[in-house]
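Contents: one structure, followed by commentary.
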Amino acid sequence: MKIFITGSSGFIGFHLAIKLLNKGIKVHGLDSMNNYYDIKLKKARLNILKRYKNFSFTKGTLENEKKLSKSIKVFKPKIIVHLAAQAGVRHSIKNPNTYLHSNIFGTFNILKIANEIKLKHLIIGSSSSVYGANKKLPFQENDRTDHQVSFYAATKKSTESLAHSYSSLWNLPITMLRFFTVYGPFGRPDMAYFKFTKKILEGKKVDIYNKGKMYRDYTYIDDIVDGIYKLLNKAPSLKIGKKYNNDSLSTVAPFRTLNIGNTKKIYLLNFINALEKELNRKIKRNYLPMQKGDVHTTLSDTSLLKKITGYNPKTNYKDGIKKFVKWYLDFYKRKK
Ligand SMILES: NC(=O)c1ccc[n+]([C@@H]2O[C@H](COP(=O)([O-])OP(=O)(O)OC[C@H]3O[C@@H](n4cnc5c(N)ncnc54)[C@H](O)[C@@H]3O)[C@@H](O)[C@H]2O)c1
Numbered sequence: 004m005k006i007f008i009t010g011s012s013g014f015i016g017f018h019l020a021i022k023l024l025n026k027g028i029k030v031h032g033l034d035s036m037n038n039y040y041d042i043k044l045k046k047a048r049l050n051i052l053k054r055y056k057n058f059s060f061t062k063g064t065l066e067n068e069k070k071l072s073k074s075i076k077v078f079k080p081k082i083i084v085h086l087a088a089q090a091g092v093r094h095s096i097k098n099p100n101t102y103l104h105s106n107i108f109g110t111f112n113i114l115k116i117a118n119e120i121k122l123k124h125l126i127i128g129s130s131s132s133v134y135g136a137n138k139k140l141p142f143q144e145n146d147r148t149d150h151q152v153s154f155y156a157a158t159k160k161s162t163e164s165l166a167h168s169y170s171s172l173w174n175l176p177i178t179m180l181r182f183f184t185v186y187g188p189f190g191r192p193d194m195a196y197f198k199f200t201k202k203i204l205e206g207k208k209v210d211i212y213n214k215g216k217m218y219r220d221y222t223y224i225d226d227i228v229d230g231i232y233k234l235l236n237k238a239p240s241l242k243i244g245k246k247y248n249n250d251s252l253s254t255v256a257p258f259r260t261l262n263i264g265n266t267k268k269i270y271l272l273n274f275i276n277a278l279e280k281e282l283n284r285k286i287k288r289n290y291l292p293m294q295k296g297d298v299h300t301t302l303s304d305t306s307l308l309k310k311i312t313g314y315n316p317k318t319n320y321k322d323g324i325k326k327f328v329k330w331y332l333d334f335y336k337r338k339k
């Protein structure tokens, strides 16, 4: 099997690539290696991947259609896992352009190429943020997703829509995966748990929005990778489309949207307490009002993914934090 991963130097792409390479699968990664966050971390991930002889890599952007197309067509994958994107809710408030280019134009290029090569399965990373201002919990795939509250989320919702149109027009088998707050070793420095850890160790004040009165469905990276792995060969068919699509739809595509989360909502202050305990230090708290673009609670219903793959997330947040802290101290050569 050959799998093409976009965003292979990113957090999720890196972990997925490792899992596939360890299974003896050939992986070609593509990543722009941009400097949205610490480039050293992206380089460290890439260097680990380069140790595998069944790994090859193209440094390039999604927007460079020619280079992207060439790297995919030369490799001839059966499956593409499209994880490259401009991520981050807060950054999108002041920098919407990169989101438009990477997430919308970039995904459009992937769709075009996937269709040209008649790909067997295209898996695209979406986000729990598409549920936006929804109040009904847990979030289910057939809930309405019309009210995104950040530009990042709006671009993610747009990619779902673009992907559905391609799937419907060309019978392209596509799975959209809505990730719920993924965390763990080699994680993203722009995410709250990562920033908290850094600041606690530096003895600096930590900004905590809405006084920490928020809930997140924190999902450990190994559970996410396990879910993606189990889905690889479960490309949606037209029949599956019929089964899962809302009955009121008059068209059917080999397309499905799946939540992938831990199915538990964790109170942010409890998450912080667990970090303090693990680091053996107290956080200096700087309470701030709710940040624009943030949502109050996320919680996934993953019964559809479970039905298709047997997905069963195993890592509770305290164990996950323990593993993250252990990695952080080792990677950054810090002491508690
Ligand atoms: N980590 C989470 O909690 C989370 C939650 C919801 C959704 N997601 C989605 O999952 C996917 C992977 O997220 P991640 O956490 O690994 O993020 P990440 O930022 O660590 O990885 C994304 C990678 O894509 C690359 N990239 C960005 N723009 C590119 C472009 N235009 N061309 C080529 N490469 C580009 C970056 O260099 C980076 O290495 C993204 O689509 C993200 O939106 C992540």
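No gaps in the numbering here: position 237 of the sequence shown is 240 in this note's numbering, and each next residue is one more.
Even for Gly, the Cβ is constructed at its ideal location relative to N, Cα and C.
Given the structure is predicted, the values throughout are model-derived calculations rather than measurements.
Between which two residues does the alpha helix (DSSP H) harbouring residue i extend?
i	result
K310	306-312
F17	14-25
L114	109-119
L302	No alpha helix (DSSP H) contains L302, which DSSP labels as neither H nor E.
K321	320-334
K202	195-205
Should residue i be labelled buried (16 or more other beta-carbon atoms within 10 Å of its own) or exposed?
i	result
V328	buried
G190	buried
Y290	exposed
Y335	exposed
M217	buried
G27	exposed
H31	buried
H94	buried
R147	exposed
R284	exposed
S12	buried
V1	Residue 1 lies beyond the stretch modelled for the chain, which goes from 4 to 339, so this question has no answer here.
H85	buried
R106	At residue 106 the sequence reads Asn, which differs from the Arg that was named. Buried, by the Cβ-count rule.
Y150	The displayed chain sequence assigns His, not Tyr, to residue 150. Looking at its Cβ environment, which holds fewer than 16 other Cβ atoms inside 10 Å, H150 is exposed.
H299	exposed
R54	exposed
D333	exposed
A277	buried
S240	exposed
The beta strand (DSSP E) that contains residue i, what's its start and end?
i	result
Y212	208-212
V152	Per DSSP, V152 belongs to no beta strand (DSSP E) and is neither H nor E.
I127	124-130
T9	5-9
T178	177-182
V30	29-34
CB of residue i to nearest heavy atom of ligand 1: below 7 Å?
i	result
M217	no
M36	yes
V185	yes
S130	yes
S164	no
K45	yes
S74	no
T200	no
A90	yes
A156	no
I15	yes
E66	yes
R191	yes
S350	Outside the modelled stretch of the chain, which goes from 4 to 339, sits residue 350, for which no answer is possible.
L86	yes
S303	no
T59	In the sequence on display, residue 59 carries Ser and not Thr. Outside the cutoff, so no.
F182	yes
G1	With the chain covering only 4 through 339, there is no way to say anything about residue 1.
S105	yes
G10	yes
Confirm the yes/no value for this check: CB of residue i, any heavy atom of ligand 2, distance under 7 Å.
i	result
V185	Looking for ligand 2 in the displayed structure turns up nothing; the ligands present are ligand 1.
| query | Which ranges does the beta strand (DSSP E) cover as unbroken runs of at least 3 residues, wholly within the segment 235-300, from first to last along the chain? | reply | 258-263, 287-291
| field | Any beta strand (DSSP E) of 3 or more consecutive residues that is wholly inside the segment 50-103 | value | Segments of the beta strand (DSSP E) lying fully in the segment 50-103: 58-62, 82-85.
| query | Contact between the segment 269-277 and the segment 223-235: three or more CB pairs below 8 Å? | reply | no
| field | Cβ pair count under 8 Å reaching 3, the segment 164-182 against the segment 258-266 | value | Using a Cβ-Cβ distance cut-off of 8 Å, the segment 164-182 and the segment 258-266 are in contact, since at least three pairs of beta carbons, one from each stretch, lie closer than that value.
| field | Touch test, the segment 101-115 against the segment 41-53, Cβ-Cβ under 8 Å, three pairs minimum | value | no
| Are at least three pairs of beta-carbons, each pair with one atom in the segment 153-170 and one in the segment 315-324, less than 8 Å apart? | Too few Cβ pairs lie closer than 8 Å, so no.
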